[in-house]
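Visitor: Residue numbers (my numbering): 771 to 831.
C-beta: ideal position from N, C-alpha, C; glycine also.
Quick one: this structure, given as structure tokens, is what I'll be asking you about.
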């Protein structure tokens, strides 16, 4: 899981098991002005959501 930009931006959690798809999605979201977080599976996503209160959107397939 990675946070890549300023923590004042809206947080979006990207849950995707394919690394390349996850990287592309987070790059697009960061370029659009969001603060993407990454998780490779549901367990990692739940751990991040419990620790990170400012995630506002869940992006998954």
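For residue 784 versus residue 829, is the C-beta distance shorter than 7 Å?
Guide: Result yes, Cβ atoms of residue 784 and residue 829 sit closer than 7 Å.
Visitor: In terms of alpha-carbon separation, which member of 827, 819, 811 lies closest to residue 788?
Guide: When each option's Cα is compared against that of residue 788, the closest is 811.
Visitor: Less than 7 Å between C-beta atoms, sequence neighbours within five positions excluded: which residues of the same chain meet that for residue 821?
Guide: Cβ neighbours of residue 821 beyond the five flanking positions: none.
Visitor: Can the beta-carbon of residue 781 be found closer than 7 Å to that of residue 824?
Guide: Contact flag set, yes.
Visitor: Apply the 10 Å Cβ neighbour rule to residue 809 and answer buried if 16 or more other Cβ atoms are within range, or exposed otherwise.
Guide: Residue 809 should be labelled buried.
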